[in-house]
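Residue numbers (the UniProt record's numbering): 1 to 70.
Even for Gly, the Cβ is constructed at its ideal location relative to N, Cα and C.
Since this is a predicted model, take the numbers as computed values, not measurements.
Below: one structure, written as structure tokens.
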Ligand SMILES: [Cu+2]
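Pasting the structure below:
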């Protein structure tokens, strides 16, 4: 499942790396993160819940503003 996650709190490439890593750790593929756009686009199994994605990103110290699926 393709989705776009709007992430608050990213302000440099370190943040991009950090968010990318935690998303990959839960099985996300084709991970693209931009702190300029405050967004991450990923491909992930539909069995991974929004709740898990949210807690994963928040656990790394960032905020999930919205999740958009397409
Ligand atoms: Cu940073």
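If you reduce the DSSP assignment to three classes, tell me which class residue i lands in.
i	result
residue 54	helix
What residue range is occupied by the uninterrupted beta strand (DSSP E) comprising residue i?
i	result
residue 36	That residue, residue 36, is in no beta strand (DSSP E); it is neither H nor E in DSSP.
residue 8	2-8
residue 67	63-69
If you drop the 5 nearest sequence neighbours on each side, which residues of the same chain put their C-beta closer than 7 Å to that of residue i?
i	result
residue 12	35
Within this structure, are the beta carbons of residue i and residue j separated by less than 8 Å?
i	j	result
residue 8	residue 63	yes
residue 38	residue 3	no
Apart from the five residues just before and just after residue i, which ones in its own chain have a Cβ nearer than 8 Å to its Cβ?
i	result
residue 45	1 and 27
residue 59	22
residue 20	31, 33 and 40
Need the endpoints of the alpha helix (DSSP H) that residue i sits in, please.
i	result
residue 20	13-25
Less than 6 Å between C-beta atoms, sequence neighbours within five positions excluded: which residues of the same chain meet that for residue i?
i	result
residue 15	35
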